[in-house]
Structures are given as structure tokens and as C-alpha cells.
Amino acid sequence: MAACKSTRPVTSQAPSTTLVPYGPAWAALWQQKAAEYKALCFQAYNIAKVRLDENLQHPGNKPVAIVTDIDETILDNSPYTVHTSLRGQAYADKTWTEWTDKAAADTVPGALSFLKYAASKGVRVFYITNRAETERTSTLKNLQHWQFPDADNEHLLLKTTTSGKESRRQQVAQTHQIILLMGDNLSDFAAIFDKQPVTEREKVTQQSAADFGNRFIVLPNPMYGDWLPAMFQYNYKRSPQELDSILKTQLKDY
């Protein structure tokens, strides 16, 4: 006798929040396991090496320097994203500091070898990061563990009163010729990208197209960055449900 077939439709119900806060875990998985992620990082640093060598052929009047971001540019913090998102938590200063206190972040593929190469050519490295002053000791410990060049107080410029990095870039530019800027977020490169809405970010990116792969070296980061809050007007006080709803409206379906 044929087995009875149920006529009840198969249904599945997604949790009330799916993109927030759990979505970043998928991005972290890609960063940790995709060979394509590593290939993009190698590509970025291969291009950086070419641009470095080109610039060194035309020295200026000042010592030469590279300005680099830290998180997701030279240090990989994907374990933090996994830890929080799988627990249904968003970023929080407390949990972030617990992570950075461990000084356990691995290196971004290609970052260490490139910066060591730059240092061997007499190029100074300045680390401009929005980590807090309270994270100075642990940040230096993490950088020094991997033997990053110029990993000292003089070359580490942490966040002070604002997340904007322009004043710190200008501080370096007073004494050095900055030939390359490296980062995973557009605000790592110029003030024109700071806290802009989605449409304006796209506009100024198009206007700056010639700088990418030349003076600006961009590293991939799908986990976080200004691309995300740009979609909800940088209003971090919204609930996870509100954020999830807003982000879903930004998805392009067919």
C-alpha cells in the first residue's frame, strides 16, 4: 500500500532578526575560510609593493611614510565577530576591549610581509586606528608579537576626540611624505568619505576612482564598516529589530 502523503504545506519561519545581529557571522566565515579573501588581500599588497617601489624612485624632501589602519587591514578580528554575533550580540565597547586585551588577533594575509619590505626600504609606518587610548598597551603587544615595523608609541595614533582620521593624517604629513594609505574603510583615506550617506559615498568613490590601487590600498571587510551604518544614518540607538528591517529594505531582490 502506498504511503500516505501529507497535504500540509512545508513552511519555515525565519527568526524575527536575521541580518542583525547574526548576519556578520556569515561574513566572518567567509573571511576565515574563503581562499578568495586571502587572494584579495595578497592582490592588495602586491599592488602596494609595486606602488611603493614606483614612489621610491622619486624621493621628495621629507622622509617617506605609509599610513595604515589596523583592524581588518593588518590584524584579523573575525573571531570577535563570530563570538558576538553567534550570541546574538552587536558590537559593544566592553566585549571589544575584552577581545583586544587578549592581543590575539592574527595577521591579515600579506600585510606583515609587505610592511617589513617597506621598512627594509627605509619607509616609516604609522598606524592610525580608532582603537581607544585604553587599548594602547594591548594593541602594541599584538603588533609586536608579529614583529610589525615601527610598532611603538611614536607611530601608533589612537582615537582621541573624534573618529575622523584627517587630523592624525595631517599630523604625519607635517614631517613625512605619505606615499600610501591602507585601510578597509573609506574614511581611512580622506575626510571626504567621513560619515557620508550611501549615495554620497558612492559619488565620492567614483570621483576618487583613480586613487584606488594607486595611493589608496583597500582591503576587504564585509563584517563591519561605514558601509553598514550609512544605511541607517549612523543612528546606533535603533533596536536590532529596527536595524534588521532597514537593512532588508536595502536588499535587491527580483
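For the sequence shown, the tail end lands on 319 under the working numbering, and the numbers increase by one without skipping. Beta carbons are placed, not taken as given, at the ideal position from N, Cα and C, and that holds for glycine.
Taking a 10 Å sphere around the C-beta of G248, we find 16 or more other C-beta atoms and assign the residue as buried. Residue burial annotation: T146 is buried, with at least 16 other C-beta atoms found within 10 angstroms of its C-beta. The beta-carbon distance between A295 and V263, rounded to whole angstroms, is 5 Å. This is short enough to meet the 8 Å contact definition. Take the alpha-carbon of H210 and the one of D166: they are about 13 Å apart. Using a Cβ distance threshold of 7 Å, S143 and Q97 count as a contacting pair. In the displayed model, F254 falls within coil according to three-state DSSP, outside both helix and strand. Contact between K224 and R201 fails: their C-beta atoms lie close to 11 Å from each other, not under 8 Å. In the same chain as G278, and ignoring 5 residues on each side of it, the C-beta atoms closer than 7 Å to its own belong to I112, in chain order. Within the DSSP bridge table, the entry for T138 names no partner.
In chain order, L140, D141 place their CB closer than 8 Å to the CB of D171, counting only its own chain and leaving out the 5 sequence neighbours on each side. Taking all protein chains in view, the Cβ of Y301 is surrounded by fewer than 16 other Cβ atoms within 10 Å, so the residue is classified as exposed.
Residue state for M247 is assigned as strand, using DSSP reduced to three classes.
Between A216 and L208, the C-beta gap is smaller than 7 Å, which places the two residues in contact. In its chain, beyond the 5 residues on either side, P89, A92, A93, T146 have a beta carbon closer than 6 Å to the beta carbon of M288. Taken in chain order, the complete alpha helix (DSSP H) segments of 4 residues or longer contained in the region 139-196 are 143-150, 158-165, 176-185. Between L284 and T138, the gap from beta carbon to beta carbon is short of 7 Å. The C-beta distance from Y87 to S150 rounds to 6 Å, short enough to fall under 8 Å.
Cβ-Cβ separation between R189 and A130: approximately 5 Å, consistent with a contact (criterion under 8 Å). The Cβ-Cβ distance between Y182 and T133 does not fall below 7 Å. With a contact defined as Cβ atoms closer than 8 Å, Y110 and A169 miss out at about 22 Å. Annotated three-state conformation of V132 is strand, per DSSP.
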